[in-house]
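Below is one structure, written out as structure tokens; comments come after it.
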Amino acid sequence: MTTIPYIDMLTVMIVFGIGLYTLLITRNLIKVVIALQILVKAGMIALVLAGRINGQVMTGQSIALTVIVADTIVAVIALALAVQVKKHHGTVDLSKLRNLKG
Amino acid sequence: MLNALIAAGIILCAIQAIRVKKLIAAALWLAGCSALTALMLYLLGAPEIAVIELSVGAGLVTVLFIFAINIIGDETPVRMPAIPPLVAWLLVILSFGTLAYLNLPLLEIEVPTLVTIPMAASSIWEDRALDVILQIVLIFAGVLGIINLISDNSSRESKA
Amino acid sequence: MASTLIFLVIGLPWIGALLVWLAGDKRTTVQHILAILFSVASGIAAVALLFNTSNATVINLDAGGVFGQFTFVADGLAVFLAVVATVIGSLAVIFSVDYMRGEKALGRYYAMVLFFIGGMAGLVLTSNLLLMFFFWEITALCSYALISFHNDDPKAVAGGIKALIITQLGGVGLLAGALLLFSQTGSYDFNRMIADPGIIDPRILSGMAFGCLVAAAAKSAQFPFQTWLPDAMEAPTPISALIHAATMVNAGVYLLARFFPAFKGVPGWTTAVILVGMISAILTAIMALVANDLKRVLAYSTVSQLGYMVFAIGCGGVYASQFHLFSHSIFKALLFLAAGAVIHSVGTRDMRQMGALGKQMPLTRFVFIIGSLALAGIPVLNGFWSKELVLEAGLQHGPIWAYAFMLLSAGLTAFYTFRMVYMVFYGKPSSEKHVHDAQPAMKVALIPLAAGALFSWLLAGPFSSLLHNSLPAHEIHAITTTEVLMEVLSAPATYIALAVVALGLIAWWQRQHLGGVAHAFRWLTAAAENSFGFEAINSGIVRLTQGAAQKLRTTQTGLLNWNIAGLLITFIAVILILVVGG
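Residue numbers (this note's numbering), protein chains in the order written: chain U, 1 to 102; chain Z, 1001 to 1160; chain L, 2001 to 2582.
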């Protein structure tokens, strides 16, 4: 039995869109990290799905594994950085953290 | 059918994760999102990935979030966001709309029958050895970075 | 054999640069010796290459997909310019031993000079257009580093940055030409294009032609880019002799000469080249009449003579232009080095503070006069023969109004040359300075150049057969030296030019009586002193760019959301291009 994966693809797109929208809107650093996590979950599903569609199941899954590892490290370090930022600047409000202003 | 339910669940959890005001609640919704993603991955035929995602996403990352939020505290900014929500929606929909337009022909494909293929350890090591090495390096780097950041923290506290 | 020689010609100066830098600034004698050794060795290798020229690709290094093959061809045009670069380079290095005695940071100086010599040799020897661009940029970098050598002097730094920006902007034209060539033919080798320009779409060919013209005009300080060369005179004088008279500014002329068979069919190109050469020649000749800084006069005259060469190429006389390039390198390097000797002993560049130096500096005066005679185009010296060939080519193939202007600037050349000689070496002394003649190392450098200015025209025959044998596409006829001499002596253009030069001489001699004429032209004098408004254009462009940059700073808000929105917008733009482009 073969199916056309409409639902899965749609899910991936919607969740990715939610993650991106949050990145554009939010002002809290922790929410940024949460949005990154949501993005990566959508990415993982997309990778495994693509692996199945193309017939290279193993490749898709191994890449998804790599993505999990990378994303976890990103979350860990981002949270540690957020804690340090709070200690140094006293706030995690993005509109106050503008040292890169040109 | 099950697919559709889980998909709806993921979307619901994601929306709730970003809408709630208290950060700890957001972290808990994220944990739910991870759990449902793990389920979906299992249904897509990748059980090992599902297990790893469950333990890492719904376990490790959530614990970390709770720790960090406890240290940082819950502040909720009251001002308007920098980019008007409408513009943000427009950008997101535009980018995905164009991507979807490019990918429309792909929707004619059909996915073959699902046969759960467990991922053999040999295939990870043989085909993607470089990947595994990079992941190990990454984990070490992450651990070292965390230790560095935390030790700075405590040494600064002791100085102050 | 030829491949080893090419490696030596390019590689020896580079190894020398590294060794001089590593020797450290504490061991200046070692640095001097190393620099002289490596530059002379490279000169010998280049001269040996003269006997091994051919049209074939000598070295072929595969550099992978997008860079193509790094090929080097030792044909006549390339080897002749490599010889000029390395030999005059070694003479300038020998001169620097005395000129830069006691300066700090000699390692940086010699390293940059040697790096430059290798880069210039590589520029002319390669037949891969991308590699030529790479060497082009190396020479621009070394030129900037050497102009700003005294980096605590704000004028020097400003001059260096100006030279860098103008020549780099021109380099963009060359890069565009290289990429267009790659997209049309799939390789960067321009010899195929020169042999048969029909393989390229005509519109693209004209784009490449004008891009190369812009690059050549910027590099050779031609109109409208001539403002950087006078300001580059803040460099130490051996550098002015080497880079800004004899080698780097010749790169533009080389480019035009190399690509002439390919571009001469492009409508409007030869006219544009003639115009650029002519306007540069006459404009800067007028500006040299009123300049008071010795090196500035020489800089203006360099631009003017380069205008002659560009004009000759536009008229189709590639041999005439290259012969004039050969003579000009010798006598202009001679003039600059002699001027360097004067400046080194007097301590100032202002000619109004010099005067009657001839008695105290006899050798310098002698070689300077030989150089000036060559510059003015007095018979027997090499400048005369080559300038007459250029003017003849202009008379035969170019429009008559261009020829008239070139003739006028020949007369002006004589006028300002003798003005310069008189103000420095004759007349009343303006200050009671005790000056000494050129020091030994300077003499060693000056004398071969003076001999060259007297005798290099004897090489006209072998030179033309060199070019004829190895450049089939350029259609250069091989003629012997006597044929060249006969041609020049029997052409009416020669005598017209001689008459104009004599007029220039007489005008200087009788300048008191010509006061009325000078008064009538005083609006021209004022305009010339303001460099005809080009400096104003330059500072206007700088102000505009800085203003625009300030306005653009508002987009860098430092806000994360803003940056991500920027990312998404770019992503959408790329996807849209893909959608529309199909």
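Think of the CB as a built atom: it goes at the ideal place given N, C-alpha and C, for glycine as much as any other residue.
Sorted by chain position, which residues of the same chain lie with C-beta nearer than 8 Å to F2115/L's C-beta, five sequence neighbours on each side aside? The residues are P2013, W2014, A2017, I2138 and C2142.
Can you tell me which of L2298/L, A2291/L and Y2308/L puts its alpha carbon nearest to the alpha carbon of L2256/L? For L2256/L, the nearest C-alpha among the options comes from Y2308/L.
Three-pair Cβ contact test at 8 Å for the region 2337 to 2348 of chain L versus the region 2089 to 2106 of chain L: Below 8 Å, enough C-beta pairs join the region 2337 to 2348 of chain L and the region 2089 to 2106 of chain L to call them touching: three or more.
Expressed to the nearest angstrom, what Euclidean distance is found between the alpha-carbon atoms of M1/U and I7/U? Note that M1/U has pLDDT 44, beneath the 50 cutoff, so the model's placement of it is unreliable and the number below is only indicative. Cα to Cα, M1/U sits roughly 16 Å from I7/U.
Could you check what DSSP says for P2492/L in three-state terms: helix, strand or coil? In this structure, P2492/L counts as helix in the three-state DSSP scheme.
Output, in chain order, the set of chain U residues within a Cβ distance shorter than 8 Å of V1092/Z. Ordered by position in chain U, the residues that pass the 8 Å Cβ test against V1092/Z are G17, L20, Y21 and L24.
Within the same chain, show all residues whose beta-carbon is closer than 6 Å to that of F2135/L, passing over the 5 residues directly before and after it, in chain order. So the list reads G2119, G2122 and L2123, once near-sequence residues are dropped.
Does R1032/Z have its Cβ less than 9 Å from a Cβ in chain U? In the sequence under discussion, the amino acid at residue 1032/Z is Gly, which differs from the Arg named in the question. It does not: the Cβ of G1032/Z has no partner Cβ on chain U nearer than 9 Å.
Out of curiosity, what's the CA-to-CA distance linking M2351/L and M2420/L? So the two alpha carbons sit approximately 8 Å from each other.
When you compare each of K2155/L, L2412/L and T2364/L to L2375/L by their alpha carbons, which one comes out closest? The candidate whose alpha carbon is nearest that of L2375/L is L2412/L.
Would the region 2139 to 2158 of chain L and the region 2178 to 2195 of chain L be scored as touching if the rule is three or more Cβ pairs under 8 Å? By the Cβ test, the region 2139 to 2158 of chain L is not in contact with the region 2178 to 2195 of chain L, since fewer than three Cβ pairs between them sit closer than 8 Å.
Range covered by the beta strand (DSSP E) that runs through F2072/L: For F2072/L, the uninterrupted beta strand (DSSP E) run begins and ends at Q2069 to V2073, by DSSP.
Is it right to say V51/U is buried, meaning 16 or more other beta carbons lie within 10 angstroms of its own, or is it exposed? Residue identity differs from the one stated: residue 51/U is Gly in this sequence, not Val. For G51/U, the number of other beta carbons within 10 angstroms of its own is at least 16, and it is reported as buried.
On the premise that V32/U lies in contact with L2129/L, defined as a C-beta separation below 8 Å, what is that separation, rounded to the nearest angstrom? Not confirmed; about 47 Å, so no contact.
T2227/L in three-state terms, based on DSSP: T2227/L sits in coil when the DSSP states are folded into three classes, being neither helix nor strand.
For the region 2390 to 2402 of chain L against the region 2360 to 2370 of chain L, are there 3 or more C-beta pairs whose distance is under 8 Å? At 8 Å Cβ cutoff, the stretches do not touch.
Helix, strand or coil: how does DSSP classify D2293/L here? In this structure, D2293/L counts as strand in the three-state DSSP scheme.
Whole-angstrom C-beta distance between H2244/L and A2299/L, which should lie under 8 Å: So it is a contact: roughly 7 Å between Cβ atoms.
Assigned exposure category for S1158/Z - 16 Cβ within 10 Å defines buried: Reliability fails at S1158/Z, whose pLDDT of 49 lies under 50, so the model's placement of it is uncertain and the value that follows must be treated cautiously. If you draw a 10 Å sphere on the C-beta of S1158/Z, you find fewer than 16 other C-beta atoms in it, and that means exposed.
From N2052/L, H2032/L, I2117/L and Q2031/L, residue whose alpha carbon lies closest to that of S2042/L: The option with the nearest alpha carbon to S2042/L is I2117/L.
G2540/L and A2453/L - do their beta-carbons sit closer together than 9 Å? Not in contact: A2453/L and G2540/L (Cβ atoms no closer than 9 Å).
C-alpha distance - G2581/L paired with I2204/L, whole-angstrom precision: One C-alpha to the other measures close to 21 Å.
Quick one: is the Cβ of A1068/Z within less than 8 Å of any heavy atom of the ligand FAD? The ligand content of the structure shown is nil, which means the ligand FAD is not present either.
Could you give the distance in angstroms between the alpha-carbon of E1053/Z and the alpha-carbon of I73/U? One C-alpha to the other measures close to 13 Å.
Are the C-beta atoms of L100/U and some chain Z residue less than 9 Å apart? At a cut-off of 9 Å between C-beta atoms, L100/U does not count as an interface residue with respect to chain Z.
Which first and last residues belong to the alpha helix (DSSP H) in which E2137/L is found? E2137/L -> alpha helix (DSSP H) spans L2129 to I2147.
I'd like to know whether the C-beta atoms of I25/U and I1083/Z end up nearer to each other than 9 Å. Closer than 9 Å, so yes.
So that I know if they touch, is there some Cβ in chain Z lying closer than 9 Å to that of L2466/L? Not a single C-beta of chain Z is nearer than 9 Å to the C-beta of L2466/L.
So does the region 2455 to 2468 of chain L actually touch the region 2489 to 2504 of chain L, counting three or more Cβ pairs closer than 8 Å? Cβ pair count under 8 Å is below three, so no.
Going by DSSP, which residues form a beta bridge with D71/U? The partner list for D71/U (beta bridge, DSSP) is empty, contrary to what the question assumes.
Cβ of Q2546/L less than 9 Å from any chain U Cβ? Residue-level contact check: Q2546/L does not touch chain U, since none of the beta carbons of chain U fall below 9 Å from its beta carbon.
Look at the Cβ atom of V40/U, then the Cβ atom of I63/U, and state whether they are nearer than 9 Å. 9 Å or more divides the Cβ of V40/U from the Cβ of I63/U.
With E2535/L as the anchor, note down where its alpha helix (DSSP H) starts and where it stops. For E2535/L, the uninterrupted alpha helix (DSSP H) segment begins and ends at F2534 to L2552.
Short of 6 Å in beta carbon distance, which residues of its chain neighbour M2248/L, apart from the five on each side in sequence? Order them along the chain. Excluding sequence neighbours, M2248/L sits near T2139 and S2143.
Mind pulling the chain L residues with CB within less than 9 Å of L94/U? Within chain L, the residues near L94/U are L2559, L2560 and N2561.
Just verifying my parser: in three-state terms, what is the DSSP assignment at L2091/L? Helix, per DSSP.
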